[in-house]
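Undergrad: Protein chains in written order, with this note's numbering: chain X, 1 to 457; chain P, 1001 to 1719.
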Amino acid sequence: MLILLALVVAALGAAALPWPSTRRPVLVASLAAAIGLALVAPARGDLVGSDALARLIILVAGVLGLSVGAFSLTQFAGERRGRQVVPLTVAVVVLAVASAMARSWLTLSLTWVATSGATWWLLRVATPSGSEVRRRVGWTILVGDGPLLLATAVIVPLDGPLPFGGSHPLTGPSALVLGGAATLAAIARAGLLARSSWVSETVSAPTSVSAVLHAGVVNGGAILLIRVASLAPLATVWRLALAGAAIVTLVRLAPVISRRVDLKGQLALSTVSQMSFMLLAIALGWPVLALAHLAGHSLYKAHRFLSSGGAIEARAAARRRAARGTPLPITRRVLGLVAVVLLGLTLIHGASAETAALTGVLVLAAGNVWWTHTRHPFGRAGGLLIGLLAVVAGYPLLVDRLSRALGGVISTPSTTAPWWWLPGLVILLALGSRHRTSRDTVVATDTASEIAEYAAS
Amino acid sequence: MTELLAPLVRASARTIAPLWPLDRAVAINPLVDLTDEDFPRAMTELGHRLGVDPWPHERHLASARGERWSRRGAVDRPGTTPRPGTIVERLRGADSPAARVAREIVARTCLAACSTATSAERSRRATLRDALLDPSVDTRAPRPLRAAVAQRLVTDDLATVRALLPWDDRAVAEEFARHLARVPGWAGWAKWCDEWSHAPHPAALSLTDLLVLSLSVDLEIAAGEWPNPPQPPSRSPHGDGPERLHRLEHVVHDGVIDRLTLPARPSSPPLVQVAACIDVRSEPLRRALEEEPDVTTIGFAGFFGVAARVTGRGEDEPHESFPPLLRPSVDVSAAEATTPRARGPLVRSTLVELTHEPASMFALAEGAGWITGPVLSALTLLPSVRRRGPANLDDWHVRADDPVAIAEGALRGMGLTTGFAPEVVILGHSSHTSANTHFSTLACGACGAGPGGPNAAALVQLLNDPAVRAALDARGVAIPPNTRFVAGEHDTATDHVTLDAMASTHLRARVDRASDRCRRSRRDQRRRLGLATPYRTATSARDWADPRPEWGLAGHVAMVIGPRERTRGVDLGGRVFLHSYDPASDPDGTLLRSIFAAPLIVAQWINAAYYASAVAPDVLGAGDKTLLNPVGDFAVIRGSDPDLRPGLPLQSLYVGDVPIHLPTRLLVAVDAPRERVVDALSDTPAARDLVVHGWVVLAAREHEGGPWWRWSTDGWGAW
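#1: For chain X, check one thing: does any of its Cβ atoms lie closer than 8 angstroms to the Cβ of SER1712(P)?
#2: Does any residue of chain P bring its CB to less than 8 angstroms from the CB of ASP400(X)?
#3: Assign ASP1331(P) to one of three DSSP states: helix, strand, or coil.
#4: Using a C-beta to C-beta distance shorter than 7 angstroms, which residues of chain X count as neighbours of GLU1315(P)?
#5: At a Cβ cut of 9 angstroms, what residues of the segment 1628-1649 of chain P count as close to chain X, listed as they run along the chain?
#6: Mind pulling the chain P residues with CB within less than 9 angstroms of SER308(X)?
#7: So is ALA1107(P) in contact with chain X if we call contact Cβ pairs under 8 angstroms?
#8: Could you tell me whether any Cβ in chain X is nearer than 8 angstroms to the Cβ of PRO1547(P)?
#9: Compare the C-beta of TRP139(X) against all C-beta atoms of chain P and say whether one is closer than 8 angstroms.
#10: Whole-angstrom Cβ separation of SER1743(P) and ARG1182(P), contact assumed at under 8 angstroms?
#11: When you check each C-beta in the segment 49-83 of chain X against every C-beta of chain P, which residues fall closer than 7 angstroms?
#12: Let's see if you can read the secondary structure: which residues bound the beta strand (DSSP E) around LEU1698(P)?
#13: If you count every other CB in all the chains shown that lies within 10 Å of the CB of GLY36(X), and 16 or more means buried, which is it?
#14: What does TYR521(X) pair with, by DSSP beta-bridge criteria?
#15: Secondary structure at THR445(X), three-state DSSP: helix, strand or coil?
#16: Under a Cβ-count criterion, where at least 16 other Cβ atoms within 10 Å of its own Cβ denotes burial, should ALA1470(P) be classed as buried or exposed?
#17: Is there contact between the segment 1644-1656 of chain P and the segment 143-163 of chain X, where contact requires at least three CB pairs shorter than 8 angstroms?
#18: Got a sec, what are the start and stop residues for the alpha helix (DSSP H) TRP120(X) sits in?
#19: Quick one: using the 10 Å Cβ neighbour count with 16 as the cut-off for buried, is THR346(X) buried or exposed?
#20: Determine which residues share a DSSP beta bridge with TRP1605(P) and list them.
#21: Using a Cβ-Cβ cutoff of less than 8 angstroms, which residues in the same chain neighbour ASN1482(P) once the five nearest sequence positions on both sides are dropped?
#22: From which residue to which residue does the beta strand (DSSP E) around GLN1651(P) run?
#23: Please work out which residues of its chain come closer than 6 angstroms, Cβ to Cβ, to ALA11(X), disregarding the five sequence neighbours upstream and downstream, and give them in chain order.
#24: Any Cβ of chain P within less than 8 angstroms of the Cβ of ARG239(X)?
#25: So the beta strand (DSSP E) PRO1642(P) belongs to, where does it begin and stop?
#26: Just reading off the alpha helix (DSSP H) that ASP1194(P) is part of, what are its end residues?
#27: Note down, in chain order, each residue of its chain lying with its Cβ closer than 6 angstroms to the Cβ of VAL1332(P), except the 5 sequence neighbours on either side.
#28: So what's GLU1067(P) in DSSP terms, helix, strand or just coil?
#29: For the segment 1205-1219 of chain P, list every residue whose C-beta sits within 8 angstroms of some C-beta in chain X, in sequence order.
#30: Looking at the secondary structure, which residues open and close the beta strand (DSSP E) in which TRP1711(P) lies?
#31: Would you list, in chain order, the members of the segment 1585-1615 of chain P that have their beta-carbon closer than 9 angstroms to a beta-carbon of chain X?
#32: Less than 8 angstroms between the C-beta atoms of VAL68(X) and ALA235(X), yes or no?
#33: Which residues does DSSP list as the beta-bridge partners of PHE1485(P)?
#34: So for CYS1444(P), helix, strand or coil by DSSP?
#35: Go ahead and label ILE3(X) buried or exposed: buried means 16 or more other beta carbons lie within 10 angstroms of its beta carbon, across all protein chains shown.
#36: At a Cβ threshold of 8 angstroms, is SER197(X) touching chain P?
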């Protein structure tokens, strides 16, 4: 543990080294070593340790921390604020890992609040003019973390630190209160329900800061709820509240995302949508699905933010290429999706409900892609279809593996929703959301035709 | 009726800098409409109009003198006057909630509306109205206000709105100007769409539509109240701003003149001639090439006289690879124009679509994340894994109406009509960086902010054509049969030079040696600035985290027009535009006039653009690059602030508090007789205005080794 702490301190101090060329190697080496040690830390005692769930989060946070830490070192090179922003960025990742490694509720709640505090401080340093985002983070801490701390302060003296790994040691009002506090904290951290949450305001922060917040902080609620579930099953009322908050947020955001024209704004809102999906999965009784989504989303969103600077060049290049023509109207697309779902039923026969739900969503996505690109020559579309089917077949297998690996750590509720709820909800969202106009296609067509006219004049 | 207001609208937009789309951003003088006015008065008006200090700061002076400047306790920015307010701002206060709402609703409505392409059925006014009425668009304004403004957009045009204003035309023009200054980014975009775009842009916005929207918002909020009529701001320079500029220029320009008096390195009859762009980044490479005695270089506009519409491989939309002042004369297309779309773009376009489709985005995050995780680490920790193929210089089809005229014009413009070396390289330039919102500002400005390789390849094709050579021979330009033209492209981000397939091994070796010398110099510069120095400078260019993959034109100070023999071997620090000119072969000054008419104007545009971003990075520049947020494929906003950001990012001009670019006017040093210079200026009104009104500093030298003379309104004086 002391070595681990020393490595963390080395990583935090890398940005302050006087030799610019040594900063990145020191940061990467010390952080990588710390991650390695964390992975093998035994899951004993009431403080921190690594069980299967923690290892999954450590791996994901490790990739995130190394990438975003190194990115942020380069991004703030030569700037005085880099000496604060980089260590705070690393600190946020370290605290998120510590939350995952927590072996008791007491440790988890304290690291949770510490993560919130570090987030606020990071935003204060990185975004001097970002008073709005700091204000909203403050409210989130008040609304979400406040009740959590209060519940901890009341329950822990009565029931002890509540170590994980036992068999539902918590019952009665304590279980209800803790479940409620955790639900509220998860909803607040994920930015659900709020018309303009702190998550959407993170666009005011530097790119690397946005990446670490969207990939490493926003999704902490899933870990919180999964750990709470190991102490006591989440009461039905909290599951319903969670599902309701998620669905309301999903429905409200679906048209808004497509209307947002700035890239970081789109990414921020999509994070809230993804978090809604993840918390909905937990509410429906599919924690492994939520974790798979957490891991995939973290890495995906970090990549999207860090690559955001290339969006203009990429979009301009896409515009100069041949126009893609008009996609099918949404009604025919949805009918096609339904047909593909029916086809997908044959693929998922006998699979677990959770895997089946995931497969259903993947089949929808695959069908969407296939249908949108049917105007290409058969050879290319055929290759695309084969690739998509491979994803549809392969990814659920991955989730199944994950389920087995985490089986001893994660408590699945005794009641889970039918598998078709999830893809059904997604279809409803697609129908209910504002039809995304073929803006890019119209752009390309109009530009090309207008330039052709000018050229001929 | 609105047409009658066109002069008022144009006048109100004089201090607004046109905002070029970022996929082809050309540096332009922000005050391009004011060059017929004295520089100090124009800058003073700009400062008052936008509420900024338009003059160099103490930190620039300290940097020029090699002194350390401390932020603590420093008076870096003398007090500026606040931006003159619009109707609502004068009534309620510039910092009032009403004023903030007014600005937000204007900018956010534009942001939402311009994401929708206009068509015959759907005008921009209609999309603005739709954005106001769409509940999913967050304009941060109450619904009744949005509805009322939307109604005005249906019923009112600019003439109707103007009729509501109880003031004379002068006051109305001032009110218009204040509304544009409230959202200078969107105003700049509208100005570009109205005055500079060759073809309608899908996100087009007009100044008229913007004014109708902005005035409608204020009229609705004011609800019948009227402030006093707006008065134009003072244009008389006050304070010590001009004095600070003179002090800075005294240090900087003297340094350049001192360098230009150093003896040049002699050359021998060349075996290789390299015609490169006048861009400041070409100077170090040219100097490195000329370390070999049988290599000479020529500086010429980077499009090499080939005003080409370039269509790349697999593309349908051509790029206008020439200065915005010209019209196209050549079509250049990649040989495989009908090739089916490559797999890479198909995958990328599929992913873009998936990310916006509600049914797909969840699954995409699920599946793609596990793949992008390792990619994320690799791209960040090992930037060198990112590969970009070499420039295509060999597979172009060229269609020109008059190829001989183009070839002749290029050769005469370069002063290359005799004495051809066995190998003549036409060297365009480009810049390939990663995840860079302002990537096009690093490309060749003469090529419409695109790569110069296709232009070079097109000219080389013409010059190697036997039929063209025969025609040139008849016109007095005899190219020896053993002379071979070779196309090249210099990647200024990595100093890597790609040559076409016809280049000899001998030539390639010389070019590689020169590139290595440039890279060493670049590493030294980074070390001096306290930046990490990766072993391979290519790593910086490929590192998507690096906000400074290269310096672009930051640090430029002068344009030298004269024979290369007089500056050969002199280290000009990569800070000088070098245009070749031989007075002896231009007895009537025709060539000098052509240089003044175009390259000088472009260099001054670049100088003014960098000047503006350096003195007022938060208003005239894009500000902190880490906060920039791409909008479509044409602009950026900063964080959640809805106004578009003009100019260059802070990191392109500063490293922390240390300025890389010192905001001075361009020193134009002409190695030609003073009388020739004055005659040429007399025949080029645009350049004359720049000199007479003090937008550039003009110097001339009669002959090599002679003293430099400085032009002023009192005539020539010793430097």
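The beta-carbon is built from N, C-alpha and C at its ideal position, and this holds for glycine as well.
TA: Short version:
#1: Against the second sequence, residue 1712(P) aligns to sequence position 712. Closer than 8 angstroms: no.
#2: Working through the first sequence from its first residue, we reach residue 400(X) at position 400. So, not an interface residue.
#3: To locate residue 1331(P), count along the second sequence from 1; it is residue 331. Looking at ASP1331(P) - three-state DSSP - the assignment turns out to be strand.
#4: Along the second sequence, read from residue 1 onward, the residue named residue 1315(P) stands at position 315. ARG320 and ARG321, listed in chain order.
#5: LEU1628, ASN1629, PRO1630, VAL1631, GLY1632, ASP1633, PHE1634, ALA1635, VAL1636, ILE1637, ARG1638, GLY1639, SER1640, ASP1641 and PRO1642
#6: Residue 308(X) sits at position 308 when you count from the first residue of the first sequence. ALA1435, THR1437, LEU1628, ASN1629 and PRO1630, listed in chain order.
#7: Stepping through the second sequence from its first residue, residue 1107(P) is reached at position 107. For ALA1107(P), the answer is no, since every Cβ of chain X falls outside 8 angstroms of its Cβ.
#8: As a first step, residue 1547(P) is located in the second sequence; it is residue number 547 there, counting from the start. Yes, PRO1547(P) lies at the interface with chain X (some Cβ there is under 8 angstroms from its Cβ).
#9: In the first sequence, counting from the first residue as 1, residue 139(X) sits at position 139. Judged by the 8 angstroms Cβ criterion, TRP139(X) is not in contact with chain P.
#10: Given that chain P is displayed from residue 1001 to residue 1719, the structure contains no residue 1743(P) and the question cannot be resolved.
#11: VAL63, LEU66, SER67, ALA70, PHE71, THR74, GLN75, ALA77, GLY78, GLU79 and ARG80
#12: By one-based count along the second sequence, residue 1698(P) stands at place 698. Here the beta strand (DSSP E) through LEU1698(P) covers 1696-1701.
#13: Here residue 36(X) corresponds to residue number 36 of the first sequence, with the count starting at 1. GLY36(X) should be labelled exposed.
#14: No answer is possible for residue 521(X): the residues shown for chain X start at 1 and end at 457.
#15: Within the first sequence, numbered from 1, the residue matching residue 445(X) stands at position 445. Any reading at THR445(X) must be qualified, since the residue scores a pLDDT of 33, below 50, and its modelled position is unreliable; the value itself is stated next. Three-state DSSP puts THR445(X) in a helix.
#16: For the purposes of this step, residue 1470(P) is taken as residue 470 along the second sequence, with counting starting at 1. By the neighbour-count rule (16 or more Cβ atoms within 10 Å), ALA1470(P) is not buried but exposed.
#17: no
#18: Here the question's residue 120(X) lines up with position 120 in the first sequence. TRP120(X) -> alpha helix (DSSP H) spans 105-126.
#19: Counting from one through the first sequence, the residue named residue 346(X) turns up at place 346. For THR346(X), the predicted structure reports a pLDDT of 43, less than 50, and the residue's modelled location is therefore unreliable. The matter cannot be settled from this model.
#20: The count along the second sequence starts at 1 and reaches residue 1605(P) at position 605. For TRP1605(P), which the question treats as bridged, DSSP gives no partner whatsoever.
#21: Translated into positions along the second sequence, residue 1482(P) becomes position 482. Contacts found: PRO1422.
#22: As a working mapping, residue 1651(P) is identified with position 651 in the second sequence. First-last for GLN1651(P): undefined, no H or E at that position.
#23: For the purposes of this step, residue 11(X) is identified with residue 11 of the first sequence, where counting begins at 1. Same-chain partners within the cutoff: LEU27, SER30, LEU31 and VAL90.
#24: The residue given as residue 239(X) occupies position 239 in the first sequence. By this cut-off, ARG239(X) is not an interface position.
#25: Along the second sequence, read from residue 1 onward, the residue named residue 1642(P) stands at position 642. First-last of the beta strand (DSSP E) with PRO1642(P): 1641-1644.
#26: Position 194 of the second sequence holds residue 1194(P). Start and end: 1184-1195.
#27: Within the second sequence, the letter at position 332 stands for residue 1332(P). Cβ within range, chain order: ALA1308, VAL1310, TRP1396, VAL1398, PRO1454 and ALA1458.
#28: Start at 1 with the first residue of the second sequence, and residue 1067(P) comes out as number 67. Correct three-state label for GLU1067(P): coil.
#29: none
#30: As a first step, residue 1711(P) must be located in the second sequence, where it is residue number 711. Start and end: 1708-1712.
#31: none
#32: One-based indexing of the first sequence puts residue 68(X) at position 68. One-based indexing of the first sequence puts residue 235(X) at position 235. No, they are not a contact pair.
#33: Residue 1485(P) sits at position 485 when you count from the first residue of the second sequence. Answer by DSSP bridge pairing, in chain order: VAL1424(P).
#34: As a working mapping, residue 1444(P) is identified with position 444 in the second sequence. Residue state, collapsed to three classes: strand.
#35: Working through the first sequence from its first residue, we reach residue 3(X) at position 3. Exposed: under 16 other Cβ atoms inside 10 Å.
#36: Locating residue 197(X) in the first sequence gives position 197, where the first residue counts as 1. With 8 angstroms as the cut-off, SER197(X) does not count as an interface residue toward chain P.
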